[in-house]
Amino acid sequence: MKTLRTQIKTRESAFVQLVEELYAADHAAVRASGTMTAMLQEFFSKTSKTSNPYQREVFRQLLLHTYNQKCYALLRQYLYVNVLYNISCLGNHLVREVVEWKNTEIDAEHQVRALIRHCFATYEVPLFMERAFFSENRIHMLWYVQLGRGNSVKGLSQFPVEFTHKMAHIFRNAPEGLGVGRAIRFAQAMGYGASKDTALALCNTFLGQFLDENEAFWSEVILFFAKEDKLIAREMCLMLDYLAEHPTTRLKGTTYRRLHKQSRAWKKQRNLLAQSGADWQGSGIRPLQHETELDGSPVTYQTLELQHVAALYEEGDIMQHCVAEYEAECKSGESAIFSLQRKGQNGETKRLATVEVALPQKELVQIQGRFNTDPTAETLAMIDQWMVQSQLQWPEDRTMDAALTHPLEEGGIERPMDTNGTGEALIAIIKVVFWILYFLFRMSQT
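So the mapping is simple: our numbering equals the position in the sequence shown, first residue as 1, plus 50.
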């Protein structure tokens, strides 16, 4: 690949000067503290001037070229700069020069996705695969690169599941919003003959969150549920929890009804054991207690710390996820688990999300809605307020699943100004509505 230092022509500005200074300097590992300088310094500190200078150079190119292409909103957000860094980690696999990319998008996310395609895709790649660059999973990013070069799905490096040709075809055409792990499970289930509704139900359980060494067993589990025409989500999640605790269960010859009966008996015994579980010491984190109005009626938002085994099981049962597995972390003081709830005037309480906070650093590492769904705008607004009040923080290795992304405020240098404000109306309607509602909700709480 050509050296692009002399090819990139940039306007003299404080931003360009900052990038060049950070590129030339030696950095110890640092963490972003809220300014653009600190953010860029954090990423440059992860690159080496000696062991991997190519990655460092590609990251510099990406910063300067996106600036020249007026992607100012992109450069102000940690999430998208992290994507640029991830692109640079695979900079030796580029199929096109960075400087050849021409920005034709208005929205920052559309811009960074277009840049991913420009850098790595000679052939069409499923849109959901672009989400790999928003996380820290390098193998998923490598799969994108391989598909972009024309490799088959069945030929991907270290692919954890044995796909049929039918599954590989379904994987390529999986819904965009699934993400890589869920798309794998979706393709498995559909390939085994499941209906689309059943496949979506399966991939939205914890099965879509992990792929492990026991894949032969989980493939058998997916095949078992794929045969069912009508699944009841609560029953399925209960049986999956049971199977996770009993990975040697023989499913051949077992009926849905029999497995459900075994799972209910196991749950009953588990709840009895939970009643005798010991409490653990609280984290000391200040809980959220916020009174406001929603649709004209008074409501109270609160976070409750779960300090008992039974409370973890209850949360897991209601929210349909595996928070009960965090008992050991809670007892050892590694984590604190909170339930974000909304209480109405009539006393009715709705659980909005389950939150994990890493201790003792008080870092918010997970926010999960019911069935492990992403948090809503309402949830994010309350979490944001709670973090400020309780002095919580995001971890250093923030990913897309961290759920809330703050634009980084500039301190001490000229900030790139977004000159495309009027073009926001052209963004996809759903995205516009979501963020407008989010900010309106935030404003209503002030």
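We put the beta carbon where it would ideally sit given N, CA and C, even for glycine.
Source: prediction; values computed, not measured.
Handout entry: Supposed contact pair T298 and A276 - C-beta distance, whole angstroms, cut 8 angstroms
Key = Here the question's residue 276 lines up with position 226 in the sequence shown. Here the question's residue 298 lines up with position 248 in the sequence shown. Contact doesn't hold; Cβ gap of about 21 angstroms is too wide.
Practice task
Assuming Y117 and L125 form a contact by the criterion Cβ under 8 angstroms, report the distance between their Cβ atoms to the nearest whole angstrom.
Solution key: Taking the first residue of the sequence shown as position 1, residue 117 is located at position 67. Taking the first residue of the sequence shown as position 1, residue 125 is located at position 75. The C-beta distance from Y117 to L125 rounds to 6 angstroms, short enough to fall under 8 angstroms.
Problem - Rounded straight-line distance, which links the Cα of S440 to that of Q67 - result: Residue numbering aside, residue 67 sits at position 17 when the sequence shown is read from its first letter. Residue numbering aside, residue 440 sits at position 390 when the sequence shown is read from its first letter. Going by C-alpha positions, Q67 is about 37 angstroms away from S440.
Problem - Nonlocal neighbours in the same chain, by C-beta distance under 8 angstroms from M450, ignoring five residues either side - result: Here residue 450 is taken as the residue at index 400 of the sequence shown, counted from 1. Below a pLDDT of 50, predicted positions are generally treated as unreliable, and M450, at 34, falls in that range; no measurement from the model is reported.
Problem - Pair within 9 angstroms by beta-carbon distance, I417 and A386 - result: Locating residue 417 in the sequence shown gives position 367, where the first residue counts as 1. Locating residue 386 in the sequence shown gives position 336, where the first residue counts as 1. The beta carbons of I417 and A386 sit no closer together than 9 angstroms.
Handout entry: Residue burial classification, F274 (beta-carbon count within 10 angstroms, cutoff 16)
Key = On the sequence shown, residue 274 is found 224 positions in, with the first residue counted as 1. So F274 ends up on the buried side.
Exercise for the section: Taking the CB atoms as reference points, tell me whether A408 and G419 lie closer together than 9 angstroms. Expected result: Your numbering for residue 408 matches position 358 in the sequence shown. Your numbering for residue 419 matches position 369 in the sequence shown. In terms of Cβ geometry, A408 and G419 do not form a close pair [threshold 9 angstroms].
Exercise for the section: Measuring only between beta-carbons, confirm whether A218 sits less than 9 angstroms from chain D. Expected result: Although the question refers to chain D, the structure presented lacks it and comprises just one protein chain.
Problem - CA nearest to the CA of K302, picked from I282, D329, E270 - result: Locating residue 302 in the sequence shown gives position 252, counting from the first residue. Ranking the options by Cα distance to K302, first place goes to E270.
Practice task
Ignore the nearest five residues each way along the sequence and tell me which others in E413's own chain have a CB closer than 6 angstroms to its CB.
Solution key: Looking up residue 413 in the sequence shown gives position 363. The residues are Q443, P445.
Exercise for the section: Tell me whether the beta-carbon of G241 lies closer than 9 angstroms to the beta-carbon of F178. Expected result: Within the sequence shown, the letter at position 191 stands for residue 241. Within the sequence shown, the letter at position 128 stands for residue 178. Not a contact, by the Cβ cut-off of 9 angstroms.
Problem - Where the beta strand (DSSP E) containing S347 begins and where it ends - result: For the purposes of this step, residue 347 is identified with residue 297 of the sequence shown, where counting begins at 1. From DSSP, the beta strand (DSSP E) with S347 extends over 347-355.
Practice task
Could you tell me the distance, in whole angstroms, from the CA atom of S98 to the CA atom of L144?
Solution key: Position 48 of the sequence shown, counted from the first residue, corresponds to residue 98. Position 94 of the sequence shown, counted from the first residue, corresponds to residue 144. Using only the alpha carbons, I get a separation of about 19 angstroms.
Practice task
Return helix, strand or coil for L362, following the three-state DSSP convention.
Solution key: The count along the sequence shown starts at 1 and reaches residue 362 at position 312. Here DSSP, grouped into helix, strand and coil, assigns L362 to helix.
Exercise for the section: Could you give the DSSP three-state label for K400: helix, strand or coil? Expected result: Within the sequence shown, residue 400 is the residue found at index 350, counting from 1. Assignment of K400 by DSSP, reduced to helix, strand and coil, places it in the strand class.
Exercise for the section: Could you tell me how far apart the beta carbons of G198 and G231 are, in whole angstroms, since I believe they sit closer than 8 angstroms? Expected result: Start at 1 with the first residue of the sequence shown, and residue 198 comes out as number 148. Start at 1 with the first residue of the sequence shown, and residue 231 comes out as number 181. That pair is no contact at about 19 angstroms.
Handout entry: Backbone CA spacing between N102 and N187 [nearest angstrom]
Key = Here residue 102 is taken as the residue at index 52 of the sequence shown, counted from 1. Here residue 187 is taken as the residue at index 137 of the sequence shown, counted from 1. Each residue's Cα considered, the two are about 19 angstroms apart.
Exercise for the section: Consult DSSP for R126 and reduce its assignment to one of helix, strand or coil. Expected result: Position 76 of the sequence shown, counted from the first residue, corresponds to residue 126. The three-state secondary structure of R126, taken from DSSP, is coil.
Problem - Sub-9 angstroms separation of R106 and E70 beta-carbons - result: Translated into positions along the sequence shown, residue 106 becomes position 56. Translated into positions along the sequence shown, residue 70 becomes position 20. For the pair R106 and E70, the CB atoms are not nearer than the 9 angstroms cut-off.
Practice task
Whole angstroms is fine: what's the gap from M437's alpha carbon to L430's?
Solution key: Within the sequence shown, numbered from 1, the residue matching residue 437 stands at position 387. Within the sequence shown, numbered from 1, the residue matching residue 430 stands at position 380. Approximately 10 angstroms, taken between the alpha carbons.
Exercise for the section: Buried or exposed for T353, please, with buried defined as at least 16 other CB atoms from any protein chain shown within 10 angstroms of its CB. Expected result: By one-based count along the sequence shown, residue 353 stands at place 303. When all chains shown are included, T353 counts as buried.
Exercise for the section: Going by CA-CA distance only, name the one from I166, H160, I156, L140 that's closest to E150. Expected result: Locating residue 150 in the sequence shown gives position 100, counting from the first residue. The shortest CA-to-CA distance from E150 to any of I166, H160, I156, L140 is the one to I166.
Problem - Beta-carbon gap between Q238 and I272 smaller than 9 angstroms - result: Translated into the one-based positions of the sequence shown, residue 238 becomes position 188. Translated into the one-based positions of the sequence shown, residue 272 becomes position 222. Yes, the Cβ-Cβ distance between Q238 and I272 is below 9 angstroms.
Problem - Beta-carbon proximity of E364 to Y351, cut-off 9 angstroms - result: Within the sequence shown, numbered from 1, the residue matching residue 364 stands at position 314. Within the sequence shown, numbered from 1, the residue matching residue 351 stands at position 301. No, the Cβ-Cβ distance between E364 and Y351 is not below 9 angstroms.
Exercise for the section: Using three-state DSSP, classify E413 as helix, strand or coil. Expected result: For the purposes of this step, residue 413 is taken as residue 363 along the sequence shown, with counting starting at 1. E413: strand per DSSP, three-state reduction.
Exercise for the section: Using only alpha-carbon positions, find the residue among E92, D424, K318, A374 that is nearest to D76. Expected result: Your numbering for residue 76 matches position 26 in the sequence shown. It is E92 whose Cα lies nearest to the Cα of D76.
Handout entry: Reduced DSSP secondary structure (H/G/I, E/B, other) of S185
Key = Position 135 of the sequence shown, counting from 1, holds the residue named residue 185. S185 carries a coil assignment under DSSP once its states are collapsed to helix, strand and coil.
Practice task
Provide the residue span of the alpha helix (DSSP H) that contains G241, from first to last.
Solution key: For this step, residue 241 is matched to residue 191 along the sequence shown. Start and end: 230-241.
Exercise for the section: Decide if the segment 214-227 is in contact with the segment 189-204; the criterion is three or more beta carbon pairs, one per stretch, under 8 angstroms apart. Expected result: Contact between the segment 214-227 and the segment 189-204 is present: three or more C-beta pairs spanning the two stretches fall below 8 angstroms.
Problem - Helix, strand or coil at F260 according to DSSP, with G and I counted as helix - result: Position 210 of the sequence shown, counted from the start, is the residue given in the question as residue 260. F260: coil per DSSP, three-state reduction.
Exercise for the section: Measure the CB-CB distance between F236 and C253 and report whether it falls below 9 angstroms. Expected result: Against the sequence shown, residue 236 aligns to sequence position 186. Against the sequence shown, residue 253 aligns to sequence position 203. Yes. Within cutoff.
Handout entry: Rounded straight-line distance, which links the Cα of A171 to that of Q161
Key = To locate residue 161, count along the sequence shown from 1; it is residue 111. To locate residue 171, count along the sequence shown from 1; it is residue 121. When only Cα atoms are considered, Q161 and A171 end up about 15 angstroms apart.
Practice task
Starting from A374, follow the beta strand (DSSP E) in both directions and report where the run begins and ends.
Solution key: Reading the sequence shown from its first residue, position 324 is the one you call residue 374. Premise fails: A374 is in no beta strand (DSSP E) and is neither H nor E.
Handout entry: Classification of A74 by the beta-carbon crowding that lies within 10 angstroms, buried from 16 upward
Key = For the purposes of this step, residue 74 is taken as residue 24 along the sequence shown, with counting starting at 1. The C-beta of A74 has fewer than 16 other C-beta atoms within 10 Å across all chains shown, which makes the residue exposed.
Problem - Q119 vs N153 beta-carbon contact at 9 angstroms - result: Stepping through the sequence shown from its first residue, residue 119 is reached at position 69. Stepping through the sequence shown from its first residue, residue 153 is reached at position 103. Cβ distance < 9 angstroms, so Q119 and N153 count as in contact.
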